[in-house]
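Here is the structure we will look at, set down as structure tokens.
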Amino acid sequence: MIEYTTIRKLEGKVEGRIKIIKLKEEKDAEVEFTCPECGFSEKRRVEWKEPFVNGSGINQFFLIECSKCGKQTKISKLRKEIKKKK
122 MIEYTTIRKL EGKVEGRIKI IKLKEEKDAE VEFTCPECGF SEKRRVEWKE PFVNGSGINQ
182 FFLIECSKCG KQTKISKLRK EIKKKK
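Remember, our numbering sits 121 above the position in the sequence shown when you count from 1.
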């Protein structure tokens with residue numbers, strides 16, 4: 122059963138992209154990521170730290186680091202991103 126899923130475009134020097142799928146029975150999330158800084162694409166498993174629980178707490182975003190250039194990208198709640206754009 123899917124606990125969390127998202128697909129988003131990431132703005133940067135090149136068009137980045139991220140797809141996250143977290144299944145309830147697994148501790149890690151499956152991530153497909155294209156870095157918005159260098160364009161490097163990869164697919165890997167990332168430790169899931171419950172980033173969006175109850176809208177509060179220490180993990181207000183999902184953080185992923187590019188394996189090639191080291192750029193860190195934060196993925197915040199989609200609801201927060203929509204509020205910022207208004």
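Here a beta-carbon is modelled for each residue, glycine too, at the ideal position from N, C-alpha and C. Here the structure is a predicted model, which is why all the values come from computation and not from measurement.
- Here phenylalanine 161 is not near isoleucine 139, since their CB atoms are 8 Å or more apart.
- Within the same chain, and ignoring the five residues on either side of aspartate 149 in sequence, the residues whose Cβ sits closer than 7 Å to its Cβ are Arg166, Val167, Glu168, Trp169.
- A straight-line Cα-Cα distance of about 16 Å links glutamate 186 and lysine 134.
- Taking a 10 Å sphere around the C-beta of isoleucine 123, we find fewer than 16 other C-beta atoms and assign the residue as exposed.
- Within the DSSP bridge table, the entry for phenylalanine 161 names no partner.
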